[in-house]
């Protein structure tokens with residue numbers, strides 16, 4: 079399937095309109111909801127020196143959950159391998175794999191798509207919640 083360049087352009091336009099990541103994420107959530115059955119969107123920052131993920135912004139439906147996840151060595155290696163593959167991952171629940179349990183905060187309910195955020199290496203992870211499996215080729 080061909081990428082939707084109008085959505086891509088709208089995404090970059092939305093991100094560049096805001097200095098605050100929380101405002102950008104709120105705008106992206108509304109934009110993506112026009113195209114996908116999205117229920118939640120979360121951005122988590124990777125801190126390589128501490129091997130941890132911190133939630134920096136979220137929009138949509140959320141439950142009580144921790145904002146920080148630390149990676150034991152096996153999870154860190156699994157994360158870096160996933161990043162090298164450069165692919166999206168879809169899980170029906172965070173309990174499906176060890177990587178999902180690390181990337182997706184405890185308390186997340188339902189299906190999730192995870193994508194690495196890259197800039198000269200891993201800088202974070204984008205999590206999308208909702209029944210998105212039929213739309214994976216569009217994400």
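In the numbering used here, the protein residues as written are 79 to 217. Beta carbons are placed, not taken as given, at the ideal position from N, Cα and C, and that holds for glycine. None of these values were measured; they are calculated from a predicted model.
Are residue 179 and residue 172 touching if we call contact CB-CB under 7 Å?
-> Translated into the one-based positions of the chain shown, residue 179 becomes position 101. Translated into the one-based positions of the chain shown, residue 172 becomes position 94. Contact: yes.
Where does the unbroken alpha helix (DSSP H) through residue 161 begin, and where does it stop?
-> Counted from its first residue, the chain shown places residue 161 at position 83. Unbroken alpha helix (DSSP H) run through residue 161: 151-163.
Going straight from the alpha carbon of residue 196 to that of residue 157, what length do you get?
-> As a first step, residue 196 must be located in the chain shown, where it is residue number 118. As a first step, residue 157 must be located in the chain shown, where it is residue number 79. Spanning the two alpha carbons is a distance of roughly 13 Å.
Does the count of Cβ pairs from the region 182-198 and the region 209-217 closer than 8 Å reach three?
-> yes
Alpha carbon to alpha carbon, how far is residue 131 from residue 200? Give it in angstroms, no decimals.
-> Against the chain shown, residue 200 aligns to sequence position 122. Against the chain shown, residue 131 aligns to sequence position 53. C-alpha separation (whole angstroms): 11 Å.
On the premise that residue 122 lies in contact with residue 203, defined as a C-beta separation below 8 Å, what is that separation, rounded to the nearest angstrom?
-> Here residue 203 refers to the residue found at position 125 when the chain shown is read from its first residue. Here residue 122 refers to the residue found at position 44 when the chain shown is read from its first residue. With a Cβ gap of about 5 Å, residue 203 and residue 122 count as contacting.
Apply the 10 Å Cβ neighbour rule to residue 151 and answer buried if 16 or more other Cβ atoms are within range, or exposed otherwise.
-> The sequence position of residue 151 within the chain shown is 73, counting from 1. Classification of residue 151: exposed, given that the 10 Å Cβ count is below 16.
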